[in-house]
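Before any comments, here is the structure.
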Amino acid sequence: MEKELANLRARVEQLERELLIARSSATPAPILESAELSTPDLPLPLADYRRYGRQMILEGFGLPGQLKLKNASVLVVGAGGLGCPALQHLAAAGVGSIGIVDHDTVELSNLQRQILHTDTRIGWAKALSAKAALSEINPSVKVTAYVTSLDSTNARALLSQYALVLDCTDNPQARYLLSDMCSELRVPLVSGAAMRYDGQLCTYNLGEDGPCYRCLFPRPPKPETVGTCEDVGVLGVVTGVIGTLQAMEAIKIIVGMNNSRPSLLVFSALSTPPFRTVRIRGKRIDCAACGSEVHRRDKIEETDYVSFCGGNLPDWEQTGLVAGQARISPQDLNETIATFGTISVPFKLIDVRSSAEFGICHLPSSENIPLKTLLKDPARHVPLDPSTPTFVVCRLGNDSQIAVEALRKVAPSGDAVIRDLVGGLRAWSSVVDSSFPVY
Numbered sequence: 000m001e002k003e004l005a006n007l008r009a010r011v012e013q014l015e016r017e018l019l020i021a022r023s024s025a026t027p028a029p030i031l032e033s034a035e036l037s038t039p040d041l042p043l044p045l046a047d048y049r050r051y052g053r054q055m056i057l058e059g060f061g062l063p064g065q066l067k068l069k070n071a072s073v074l075v076v077g078a079g080g081l082g083c084p085a086l087q088h089l090a091a092a093g094v095g096s097i098g099i100v101d102h103d104t105v106e107l108s109n110l111q112r113q114i115l116h117t118d119t120r121i122g123w124a125k126a127l128s129a130k131a132a133l134s135e136i137n138p139s140v141k142v143t144a145y146v147t148s149l150d151s152t153n154a155r156a157l158l159s160q161y162a163l164v165l166d167c168t169d170n171p172q173a174r175y176l177l178s179d180m181c182s183e184l185r186v187p188l189v190s191g192a193a194m195r196y197d198g199q200l201c202t203y204n205l206g207e208d209g210p211c212y213r214c215l216f217p218r219p220p221k222p223e224t225v226g227t228c229e230d231v232g233v234l235g236v237v238t239g240v241i242g243t244l245q246a247m248e249a250i251k252i253i254v255g256m257n258n259s260r261p262s263l264l265v266f267s268a269l270s271t272p273p274f275r276t277v278r279i280r281g282k283r284i285d286c287a288a289c290g291s292e293v294h295r296r297d298k299i300e301e302t303d304y305v306s307f308c309g310g311n312l313p314d315w316e317q318t319g320l321v322a323g324q325a326r327i328s329p330q331d332l333n334e335t336i337a338t339f340g341t342i343s344v345p346f347k348l349i350d351v352r353s354s355a356e357f358g359i360c361h362l363p364s365s366e367n368i369p370l371k372t373l374l375k376d377p378a379r380h381v382p383l384d385p386s387t388p389t390f391v392v393c394r395l396g397n398d399s400q401i402a403v404e405a406l407r408k409v410a411p412s413g414d415a416v417i418r419d420l421v422g423g424l425r426a427w428s429s430v431v432d433s434s435f436p437v438y
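For the sequence shown, numbering that gives the first Met the number 0 gives the first residue as 0, with consecutive numbering after it.
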């Protein structure tokens with residue numbers, strides 16, 4: 000037994016010596032250079048796989064979807080409440096080329112909802128401010144800023160450079176112009192609107208049967224019925240919701256994930272549920288923009304869209320709805336109130352803004368009678384004593400003129416002193432009392 004163990008130990012030692020010799024004489028495996036280990040011809044820069052990876056792993060999106068975004072070009076008209084969130088998401092998603100059209104400048108009152116702009120860029124052109132913000136979000140995206148207003152003379156040159164357009168404006172003239180030009184160029188148009196607590200979204204000129212804006216609204220609304228965010232207000236989050244949805248629709252169209260069935264998305268922040276989708280009609284054969292040739296209207300470049308929409312709203316401070324003797328300047332009203340207070344002469348100061356606005360700020364001794372309430376029964380608000388002067392104020396000097404007209408018509412005496420404040424409380428703050436809030 001001991002002899003066998005000794006033989007086995009000797010055999011193990013011999014095998015270990017042979018293994019050592021074999022290892023020392025073996026040819027080492029080749030070390031590959033790093034270039035030989037990398038994947039050749041990547042369709043995207045390596046960093047883009049990390050930047051866009053969360054959306055690239057989605058079924059139906061993948062690498063092809065990201066490449067479509069990279070090669071896409073989108074023009075956003077308006078860098079305000081709708082345009083800012085739309086631009087933010089388009090750039091973050093990797094849309095290769097983005098154009099921004101806006102002639103306006105950044106103001107403090109914009110920052111509540113126009114989230115690309117900052118305090119440090121107040122006074123900048125909005126298009127340039129938005130471009131600066133996008134360069135920080137995604138420096139690989141090409142962004143072109145057009146500091147100009149859109150009109151019939153430059154619309155074709157601007158829109159023809161892009162494959163998709165977002166309407167982030169807030170006036171009928173721009174909506175009709177954008178729709179007409181996109182229809183002629185066969186470019187999809189994603190249009191959004193937001194006001195107060197509500198918003199809506201619709202895509203025009205999509206596919207063979209997709210309607211244009213004129214198909215749904217052949218005639219523009221009356222100018223006096225068109226409100227703006229400055230006039231009626233808007234919750235900043237509402238513009239964020241609609242602008243984000245505009246970006247979502249644009250991405251779906253680019254990637255090819257959209258539903259081409261015509262529909263209108265309606266959003267109301269105070270409703271339950273807040274979203275509602277309404278089916279809309281398809282293209283009209285007799286449409287003046289996208290219908291058959293016999294129904295087409297004049298060339299876009301020859302169309303006066305301002306006149307078509309009823310003209311610009313008049314500057315009531317300059318033109319005046321009421322005669323000059325029925326108006327009073329901020330300086331004169333201030334002196335009159337001071338004088339009447341000193342000699343104890345009674346007077347009536349009516350503020351026709353909404354109760355919400357009156358609660359923000361108001362002049363001492365003013366009485367809040369919202370315009371709608373006053374117009375229902377003007378005679379109720381005329382002083383019984385015709386010698387009692389009545390002064391009417393509002394925010395900008397527009398509604399106060401309407402109120403004065405109504406009060407003068409029912410005043411028992413033609414000699415009654417009923418006047419409106421020229422320029423409204425904004426002018427009061429500018430001329431008389433700079434500590435009075437402007438909103």
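Where is the CB? At the ideal position from N, CA and C, for every residue including glycine.
| Query | Result |
| --- | --- |
| Cβ-Cβ distance between Pro385 and Ala405 below 8 angstroms | no |
| Of the residues Asp118, Lys251, Ser134, the one placed nearest Leu205, counting alpha carbons only | Lys251 |
| Separation of Leu66 from Leu41, as counted between CA atoms | 12 angstroms |
| For Gln87 and Ile136, believed in contact at Cβ under 8 angstroms, the rounded distance | 6 angstroms |
| Own chain residues within Cβ distance below 7 angstroms of Thr442, not counting five before or after | In the structure as shown, the chain begins at 0 and stops at 438. Residue 442 is therefore absent and cannot be evaluated. |
| N- and C-terminal bounds of the beta strand (DSSP E) containing Ser72 | 72-76 |
| Residue span of the alpha helix (DSSP H) that contains Phe357, given as start and end | 354-359 |
| Outcome for Thr202 when other beta-carbon atoms lying within 10 angstroms are tallied against a minimum of 16 | buried |
| Alpha helix (DSSP H) runs contained entirely in the segment 36-117, provided each spans 4 or more residues | 45-50, 52-55, 61-69, 82-92 |
| Buried or exposed (CB count within 10 angstroms, at least 16 for buried), Pro363 | exposed |
| Own chain partners of Phe339 with C-beta closer than 8 angstroms, once the 5 adjacent residues on each side are dropped | Pro345, Phe346, Pro388 |
| Nearest-angstrom Cα separation, counted from Gly209 out to Ser259 | 7 angstroms |
| Proximity to Arg50 [Cα-Cα], best of Gln111, Val140, Ala71 | Val140 |
| CB contact flag (Ile342, Ile368, <8 angstroms) | no |
| Closest Cα partner of Ser429 within the set Ser328, Asn170, Leu188, Ile336 | Ser328 |
| First through last residue of the alpha helix (DSSP H) which encompasses Lys465 | Since the first and last residues shown for the chain are 0 and 438, residue 465 lies out of range. |
| Proximal residues to Ala249 (C-beta, below 7 angstroms), its chain only, five neighbours per side dropped | Val73, Leu89, Leu163, Leu165, Val189 |
| DSSP three-state assignment for Arg407, whether helix, strand or coil | helix |
| DSSP three-state assignment for Phe266, whether helix, strand or coil | strand |
| Identity of the residue in Leu373, Glu301, Arg394, Ala246 nearest Gly358 by Cα | Arg394 |
| Exposure label - Met180; buried when at least 16 CB within 10 Å | buried |
| 7 angstroms CB neighbourhood of Gln317 in its chain, flanking five on each side removed | Here the model assigns Gln317 a pLDDT of 48, short of 50, so the residue's position is not dependable and the matter cannot be decided. |
| Rounded C-alpha distance that separates Arg280 from Pro261 | 7 angstroms |
| As assigned by DSSP and simplified to three states, the class of Leu420 | strand |
| Local conformation of Arg278 per DSSP, three classes | strand |
| Strand pairing of Cys201, partner residues [DSSP] | Ser190, Leu263 |
| Straight-line gap, Tyr145 to His102 (C-alpha atoms, nearest Å) | 8 angstroms |
| With 16 other Cβ atoms within 10 Å as the buried cut-off, status of Gln330 | exposed |
| Span of the alpha helix (DSSP H) around Val254 | 235-254 |
| Local conformation of Ile136 per DSSP, three classes | helix |
| Residue burial classification, Tyr161 (beta-carbon count within 10 angstroms, cutoff 16) | buried |
| Sequence-distant residues of the same chain with beta carbon closer than 8 angstroms to Ile299, five excluded per side | Ser151, Ala154, Arg155, Leu176, Asp179, Met180, Glu183 |
| Environment of Val231 [buried if 16+ CB atoms lie within 10 Å] | exposed |
| Ile99 to Ser134 span [Cα, whole Å] | 13 angstroms |
| For Ala287, three-class secondary structure by DSSP | coil |
| For Gln317, the three-state DSSP class (helix, strand or coil) | In this prediction, Gln317 has a pLDDT of 48, which is less than 50 and means its spatial position is unreliable; what the coordinates show is noted afterwards. In the structure shown, Gln317 sits in a helix (DSSP, three-state: H, G or I). |
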